[in-house]
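Scroll down for the structure; my scribbles are underneath it.
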Amino acid sequence: MAHLLAGNKNKRHALKLTEGITKMTGLHTLSGVEICTDLATEVLRDLQKLTNLRKFTIYKVSCTPGNYELLLSAIEHLSSCSLKYLAIDDDFTGFLDTSLNDSQAPPEHLHTLGLSGKLSQVPKWIVSLHNLEKLTLSLTSLTTDALLVLAELPELFSLIFSLDPTRNNALKTLYDNTIKSGGKIFVPAEGFRKLKLLCFAAPVLPPVSFLEGAMPVLQRIELRFRMVEGVYGLENLSSIQQVVLTVSSQAPKDAKEKAQQVKELACIIHGKGNALSVVLDEYNESTEQK
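Adding 230 to a residue's 1-based position in the sequence shown gives its number in my numbering.
What follows is the structure in structure tokens.
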């Protein structure tokens, strides 16, 4: 077997990693697994045998902190082999902020990386991912300082910040990070030389301001939210072609008014000669949460 795809990320269902799976050494894709609490240490050690893995996604990390080191060791080893795509959701248990953040052997060969859950800062080693093209991070890691770091990634094409509204303390972490950035997230004027897609998806979006010269080749920006503090400096995005605003059906009136204001601002930019498409849409949040 070359590809094993399991679980349902939206419903938090995952396939428990077992000894049998670790014996499937021909796997190229292992997607939708859970590193569960009662997992034997031998199974975590044997995970390193899947050296042909190119894509590995973990939907849930529920093992004890005592097994974090073994899990990290397995990820580091696989990343030194064939792995090009890695996605981890630690279910707000702390694996990302503690063990993975302190990795001494970062996955330098990745093309795609996704880190969801409890992530109060971007990993220290992310600057070494010179081949990274697509990056998805928990919105809880968004700060001005984080953007200054990410701006240096030479091949980054797509950057997505997202946040599951059902996670404990997620909004508090987001608020704290915004305060640390002076109440507003500033997108720097330098860097992001190849970034063409930027997306923010969360129940509450902090105020974001694009400085003059920011993201010089950015073509599309997507904002998906229930509430938004504000978006500033869209006129500074010299290559922008499309702005997509998707507002929750449960959004209060003032949030919908702010979305309309962002749309009007973007239309003004379009009126100045920019070939810009502006889309304002709505999603049914209650349906998606079922």
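Note that the Cβ used here is the ideal one computed from N, Cα and C, for glycine as well.
message: Do L301 and E311 count as a contact pair if the criterion is CB distance below 8 Å?
response: Note on identity: in this sequence residue 311 is Cys, with Glu being the wrong assignment. Their beta carbons are not under 8 Å apart, which means C311 does not touch L301 by this criterion.
field: 8 Å Cβ cutoff met for L234 and L260
entry: Contact: yes.
query: Going by alpha carbons, who is nearest to E426 out of I415, S469, D276?
result: Residue identity differs from the one stated: residue 426 is Lys in this sequence, not Glu. Residue nearest to K426 within the set I415, S469, D276 is S469 (criterion: CA-CA distance).
- prompt: Looking only at C-alpha atoms, which of G250, I265, H258 sits nearest to H243?
  reply: Checking every option, the nearest Cα to that of H243 belongs to I265.
For N361, the nearest candidate out of E338, T370, S388, L349 (CA to CA): The option with the nearest alpha carbon to N361 is E338.
- prompt: Can you check whether the CB of L280 is closer than 8 Å to the CB of L308?
  reply: Cβ distance < 8 Å, so L308 and L280 count as in contact.
P336 versus L453 - alpha carbon distance: Rounded to whole angstroms, P336 to L453 spans 30 Å at the Cα level.
query: From L441 to L380, what does the alpha carbon distance come to, in whole angstroms?
result: A straight line joining the alpha-carbon of L441 with that of L380 spans about 15 Å.
task: State whether the region 344-352 contacts the region 381-389, with contact taken as three or more CB pairs (one from each stretch) at a distance under 8 Å.
output: Judged by Cβ distances under 8 Å, the region 344-352 makes no contact with the region 381-389, as fewer than three pairs qualify.
Residue closest to F416, alpha-carbon to alpha-carbon, out of A432, P433, L378, R450: The candidate whose alpha carbon is nearest that of F416 is L378.
field: Beta-carbon gap between N466 and A489 smaller than 8 Å
entry: Taking the C-beta atoms as reference points, A489 is found no nearer than 8 Å to N466.
query: Taking the C-alpha atoms as reference points, what is the distance between K239 and D320?
result: Their Cα atoms are separated by approximately 12 Å.
message: V291 and T323 - do their beta-carbons sit closer together than 8 Å?
response: A Cβ-Cβ contact shorter than 8 Å links T323 with V291.
- prompt: In terms of residue numbering, what span does the alpha helix (DSSP H) encompassing I251 cover?
  reply: Note, I251: alpha helix (DSSP H), 249-252.
- prompt: Between L245 and G237, is the Cβ-Cβ spacing less than 8 Å?
  reply: Yes; because the gap between Cβ atoms is below 8 Å, this pair is in contact.
- request: Using alpha carbons as the reference points, say which of L506, S439, I390 lies closest to A431.
  value: The candidate whose alpha carbon is nearest that of A431 is I390.
- prompt: Alpha carbon to alpha carbon, how far is V461 from E420?
  reply: V461 and E420 have their C-alpha atoms roughly 19 Å apart.
- request: Mark N514 as exposed unless 16 or more other C-beta atoms lie within 10 angstroms of its C-beta, in which case mark it buried.
  value: With fewer than 16 Cβ atoms within 10 Å of its Cβ, N514 is classed as exposed.
Within the region 271-343, ranges of the beta strand (DSSP E) (whole runs, at least 3 residues): Secondary structure remark: continuous beta strand (DSSP E) runs of at least 3 residues inside the region 271-343, in chain order: 285-291, 315-319.
message: On the criterion of 16 or more Cβ atoms from any shown chain inside 10 Å, does T403 qualify as buried, or is it exposed?
response: Result: buried.
task: Please report the Cβ distance between L283 and H258, rounded to the nearest whole angstrom; I am assuming they are in contact, meaning their Cβ atoms lie under 8 Å.
output: Beta-carbon to beta-carbon, L283 and H258 are separated by about 7 Å, close enough to satisfy the 8 Å threshold.
- prompt: Among residues of its own chain, excluding the 5 on either side of A376, which ones have a beta-carbon nearer than 6 Å to its beta-carbon?
  reply: The residues are V352.
query: What residue from T267, V474, A481 has the CA that sits closest to E494's CA?
result: Out of T267, V474, A481, V474 has the C-alpha closest to the C-alpha of E494.
task: Identify every run of the beta strand (DSSP E) within the region 406-442, keeping only runs that are complete inside it and at least 3 residues long; order them along the chain.
output: Entirely contained in the region 406-442, the beta strand (DSSP E) runs reaching 3 residues are, in chain order, 415-417, 427-431, 438-440.
- prompt: When the Cα of V438 is compared with those of G463, M457, S507, which residue comes out closest?
  reply: Comparing Cα positions, the closest option is G463.
- prompt: Where do the ends of the beta strand (DSSP E) carrying V508 lie?
  reply: Counting along the chain, the beta strand (DSSP E) containing V508 begins and ends at 507-513.
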